[in-house]
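Residue numbering for the sequence shown follows my numbering, beginning at 12 and increasing consecutively.
Ideal Cβ positions, reconstructed from N, Cα and C, are used throughout, including at glycine.
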Amino acid sequence: RSGVAARRALDGVLADTGAAFEGHAIAAVAAVLPHGATLYAAALDPFDIFNAEWTLSVYARDAGTGSLTFLETEAGAGPSVVSPDGAHVYVPEGVYERDPGTGTLTFLAPTPAYLPFFPLAFSADGLYAYGSSSSIDPP
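Okay, here's the thing in structure tokens:
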């Protein structure tokens with residue numbers, strides 16, 4: 012189940028709004044742009060655990076109500092991180108260019124083999140990306 016919670020500014024407590032958002036799978040990881048107009052939700056197909064493939068669903072977000080409208084899904088794209096300038100969306104499989112008007116994505120390039128780490132965190136100026144890998148290098 013995926014849903015929308017309202018956050019009280021005073022103490023940060025979350026309250027269920029009763030609203031849900033639909034996609035092609037159950038959301039596992041979500042990223043919201045700083046301006047709040049777009050949400051990217053990564054998920055695995057819960058009905059195909061043996062051939063699980065990530066999908067990245069894109070939603071437009073209503074700033075007044077917090078409700079989400081489904082825009083598109085990118086198959087084969089996992090958990091996402093949005094660049095500080097909002098121009099690109101990074102997933103373990105590669106980088107997407109983000110349309111600033113709609114939030115929809117266009118695939119640019121695969122992630123280089125020498126960058127096996129994810130998730131990423133960006134420096135405030137956006138010039139550096141930091142991450143770690145779950146793989147263990149041999150001694």
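What's the call for residue i, buried or exposed, on a 16-neighbour Cβ count within 10 Å?
i, result
"P150", "Bear in mind that a pLDDT of 45 at P150, under 50, signals an unreliable position, so the number given afterwards is only what the model happens to contain. By the 10 Å Cβ count, P150 comes out exposed."
"A52", "buried"
"L50", "buried"
"Y138", "In the sequence as presented, Tyr is not what sits at residue 138; that position holds Leu. Classification of L138: exposed, given that the 10 Å Cβ count is below 16."
"T66", "buried"
"P121", "exposed"
"Y101", "buried"
"G114", "buried"
"E64", "exposed"
"A54", "buried"
"S21", "It should be pointed out that residue 21 corresponds to Leu in this sequence rather than to Ser. L21 comes out exposed."
"S143", "exposed"
"P111", "exposed"
"P90", "buried"
Mind reading off the beta-carbon distance from residue i to residue j? Whole number of angstroms is fine, and I expect it under 8 Å.
i, j, result
"G152", "E104", "Not covered by the structure: residue 152. The range shown for the chain is 12 to 150."
"A71", "L82", "6 Å"
"F118", "S94", "That pair is no contact at about 15 Å."
"A41", "A74", "So it is not a contact: roughly 16 Å between Cβ atoms."
"L131", "V92", "5 Å"
"S68", "T84", "5 Å"
Tell me the DSSP bridge mates of residue i?
i, result
"H99", "E108"
"A10", "One cannot answer for residue 10 here, as it falls past the ends of the chain, which runs 12 to 150."
"L79", "R72"
"T115", "Note: T115 sits in no beta bridge, so no partner."
"Y141", "A132"
"S86", "Here residue 86 turns out to be Ala, not Ser, going by the sequence shown. A86 is bridged to T66."
With hydrogens ignored, establish whether the beta-carbon of residue i is closer than 8 Å to any heavy atom of the ligand NAD.
i, result
"T76", "As for the ligand NAD, it is missing from this structure, which has no ligand bound."
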